[in-house]
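A.B. asks:
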Amino acid sequence: MGASDIQGALAGGRSYLAIPGPSVVPDRVQNAMHRASPNIYAGPLIDMVETLIPDLKRVARTQAHVAIYIANGHGAWEAAFANTLAPGDTVLALITGRFGLGWAEMARAMGIEVEVIDFGRAAPIDPSRVEEALRADTGRRIKAVLATHVDTSTSALSDMPALRAAIDAAGHPALLMADCIASFACDRMEMDAWGVDIIVTGSQKGLMMPPGLGFVFFSDKAAEARRRLARVSPYWDWTLRAKPGEFYQYFFGTAPTHHLHGLRAALDMIHEEGIEAVWARHDLLARAIWAACDKWAEGGALRINMPDPRHRSRAVTALSVPAPGASDLRAWLEAHAGVTLGVGLGMAEPSDPAWHGFFRIGHMGHVNAHMVLGVLGSIEAGMAALDIPRGTGAIGAAAAVIAKG
Ligand SMILES: *Cc1c(COP(=O)(O)O)cnc(C)c1O
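No gaps in the numbering here: position 379 of the sequence shown is 718 in the working numbering, and each next residue is one more.
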């Protein structure tokens, strides 16, 4: 066997998709989905779906309402607008990366006027600038403030209670809408305590599911905005989904049968561990990753995109090494370690050579210590193989965080 055969064989065994969604699906979730088609007109499925609702709300920390869509995150984005805004309404979009831009673009495409505050590609939302913008809106044209809790492209984490406080300080009635697709069940989220009116999220990140379910949590105030609209497209209307008279109204048609069984298993796993413990695990594993990255960065080429740890997501870490190092590293890990890292998003155009200088590690959902140490060790090996300059002691630093907590 030649050296290259051995190298190729190192990628065998179970592969690890360490991108920021879709995330790793636990065996328990997959096994729950592996079953004969259930009856959608009577029987256990109908009772089971009712149990999902309170357990979803416990993850969002809300007593309010939730609507489930057969959709990805983009569907949940659209559902939030469809139920609260009409063409010609204005929103204030707070941008901390590519996903915030995407949500704002969707608003524009729906005929909504969009005012933008862009905080760049390595900073969280600055609530004082939001307060200023809302104070300036004396005509109260702004109907909603759009915030990405964690922007997956930059890994920027924004402070939702501070944002709520800014809106209140301005005395502004706008709804606070949060994109929690990346942060849900990874970073602490307290919908009611933090005064968030709408949370949008999806199944394929912290919820450890395949893509295919979108969720919109909404407050009474948001429900009131829905009631004021003259017309909402029937598929997106959240009214009956959140309060169905008949089972089919949960999904406005056939229920996503197998996804629902997977979701039941995923919520069981989350609540058996406890949501506080889930957040704490994500925090510890993220700190292990940052400890390694800090060591690599010392005298090396690697850089953590978000300089201040207080503003970093615990679900994803955006990194750079000079182009084409990041693309080479991703290719090396896939070929020689069975690990797939995330591409850079929104940092450079794919046609720009600089694009090959960005990558991301996804660490959301079903992740544990050995997976994180495995990813970090594989990156260390890849940087060694590719002669990427780096500081020493990275893996030891990560292991020390895991050891000490
Ligand atoms: C993944 C993600 C989305 C998009 O979700 P899709 O399921 O790909 O539509 C939107 N916003 C954030 C913050 C995300 O992480």
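Using N, Cα and C, we set each Cβ at its ideal position, and we do this for glycine too.
Would you mind reading off the limits of the alpha helix (DSSP H) that contains residue 596?
C.D. replies: Counting along the chain, the alpha helix (DSSP H) containing residue 596 begins and ends at 596-612.
A.B. asks: With a 10 Å radius around its C-beta and 16 neighbouring C-beta atoms as the bar for buried, classify residue 563 as buried or exposed.
C.D. replies: Residue 563 is exposed by the Cβ-count criterion.
A.B. asks: Using only the alpha-carbon positions, how far apart do residue 560 and residue 566 sit?
C.D. replies: So the alpha carbons of these two residues sit roughly 10 Å apart.
A.B. asks: Are there 16 or more other CB atoms within 10 angstroms of the CB of residue 470, so buried, or fewer, so exposed?
C.D. replies: It is buried - the Cβ of residue 470 has at least 16 other Cβ atoms within 10 Å.
A.B. asks: In this structure, does DSSP put residue 493 in helix, strand or coil?
C.D. replies: Of the three classes helix, strand and coil, the one that applies to residue 493 here is coil, per DSSP.
A.B. asks: Are the beta-carbon atoms of residue 502 and residue 464 separated by less than 8 Å?
C.D. replies: Their beta carbons are under 8 Å apart, which means residue 502 touches residue 464 by this criterion.
A.B. asks: Using only the alpha-carbon positions, how far apart do residue 370 and residue 587 sit?
C.D. replies: Going from the Cα of residue 370 to the Cα of residue 587 covers about 25 Å.
A.B. asks: Could you check the C-alpha separation between residue 462 and residue 379 for me, to the nearest Å?
C.D. replies: Taking the straight line from one Cα to the other gives about 47 Å.
A.B. asks: Is residue 413 near ligand 1, with its Cβ less than 7 Å from a heavy atom?
C.D. replies: Yes, the beta carbon of residue 413 sits closer than 7 Å to at least one heavy atom of ligand 1.
A.B. asks: For ligand 1, I want to know if residue 360 counts as a neighbour, meaning its beta carbon is within less than 7 Å of at least one of the ligand's heavy atoms.
C.D. replies: Residue 360 Cβ: within cutoff of ligand 1.
A.B. asks: What's the C-alpha gap between residue 758 and residue 414?
C.D. replies: With the chain running from 340 to 744 in the structure shown, residue 758 is simply not present.
A.B. asks: Determine the DSSP secondary structure at residue 404, reduced to helix, strand or coil.
C.D. replies: Residue state, collapsed to three classes: strand.
A.B. asks: Reducing DSSP to helix, strand and coil, say where residue 664 ends up.
C.D. replies: DSSP places residue 664 in helix when its eight states are reduced to three.
A.B. asks: Buried or exposed for residue 584, going by 16 or more other Cβ atoms inside 10 Å?
C.D. replies: Exposed is the call here.
A.B. asks: Where does residue 540 land, buried or exposed, given buried means 16+ other C-beta within 10 angstroms?
C.D. replies: With 16 or more other Cβ atoms within 10 Å, it is buried.
A.B. asks: Check whether the stretch 511-528 touches the stretch 645-659, taking contact to mean three or more Cβ pairs, one atom from each stretch, closer than 8 Å.
C.D. replies: Cβ pair count under 8 Å is three or more, so yes.
A.B. asks: Taking a contact to mean a Cβ-Cβ separation below 8 Å, would you say residue 548 touches residue 602 in this structure?
C.D. replies: Cβ atoms of residue 548 and residue 602: closer than 8 Å.
A.B. asks: For residue 517 and residue 402, I'd like the C-alpha separation in whole angstroms.
C.D. replies: Cα to Cα, residue 517 sits roughly 17 Å from residue 402.
A.B. asks: Among all the DSSP beta bridges, which residues are the ones paired with residue 559?
C.D. replies: Answer by DSSP bridge pairing: none, since residue 559 is not bridged.
A.B. asks: Under 8 Å Cβ to Cβ from residue 426, same chain only, skipping five residues before and after it: list those, please.
C.D. replies: Closer than 8 Å at Cβ, skipping near neighbours: 449, 450 and 451.
A.B. asks: Cβ-heavy atom distance between residue 625 and ligand 1 below 7 Å?
C.D. replies: No - ligand 1 has no heavy atom lying nearer than 7 Å to the Cβ of residue 625.
A.B. asks: For residue 571, which of helix, strand or coil comes out of DSSP?
C.D. replies: Three-state DSSP puts residue 571 in coil, outside helix and strand.
A.B. asks: From residue 745 to residue 487, what distance separates their C-alpha atoms?
C.D. replies: Given a span of 340 to 744 for the chain in the structure shown, any question on residue 745 remains unanswerable.
A.B. asks: Going by the C-beta, is residue 543 closer than 7 Å to any heavy atom of ligand 1?
C.D. replies: Because some heavy atom of ligand 1 lies under 7 Å away, the Cβ of residue 543 counts as near it: yes.
A.B. asks: Heavy atom of ligand 1 less than 7 Å from the Cβ of residue 521, yes or no?
C.D. replies: Because some heavy atom of ligand 1 lies under 7 Å away, the Cβ of residue 521 counts as near it: yes.
A.B. asks: Rounding to the nearest angstrom, what Cα-Cα distance links residue 741 and residue 614 in this structure?
C.D. replies: The straight-line gap from Cα to Cα measures roughly 20 Å.
A.B. asks: Run through DSSP, which three-state label would residue 302 get?
C.D. replies: Because the chain spans 340 through 744 in this model, residue 302 falls outside it and cannot be assessed.
A.B. asks: With a threshold of 7 Å, establish whether the CB of residue 489 neighbours any heavy atom of ligand 1.
C.D. replies: Yes, ligand 1 has a heavy atom inside 7 Å of this Cβ.
A.B. asks: Could you give the DSSP three-state label for residue 744: helix, strand or coil?
C.D. replies: Three-state DSSP puts residue 744 in coil, outside helix and strand.
A.B. asks: Let me check one thing: in DSSP terms, what residues is residue 657 bridge-paired to?
C.D. replies: Residue 657 is bridged to 699.
A.B. asks: If you draw a straight line from the alpha carbon of residue 622 to that of residue 700, how long is it in whole angstroms?
C.D. replies: Those two C-alpha atoms are separated by around 14 Å.
A.B. asks: Out of curiosity, what's the CA-to-CA distance linking residue 720 and residue 597?
C.D. replies: Approximately 39 Å, taken between the alpha carbons.
A.B. asks: Can you tell me whether residue 417 is buried or exposed? The criterion is at least 16 other CB atoms within 10 Å of its CB, across all chains shown.
C.D. replies: The residue in question, residue 417, is buried, as its Cβ has 16 or more Cβ neighbours within 10 Å.
A.B. asks: Whole angstroms is fine: what's the gap from residue 552's alpha carbon to residue 670's?
C.D. replies: Taking the straight line joining both Cα atoms gives about 31 Å.
A.B. asks: Regarding residue 550 and ligand 1, is the C-beta to nearest heavy atom distance less than 7 Å?
C.D. replies: Result yes, Cβ under 7 Å from ligand 1.
A.B. asks: Who are the near neighbours of residue 572 in its chain, counting only those whose CB is closer than 7 Å to its CB and skipping five residues on each side?
C.D. replies: Only 421 meet the Cβ criterion.
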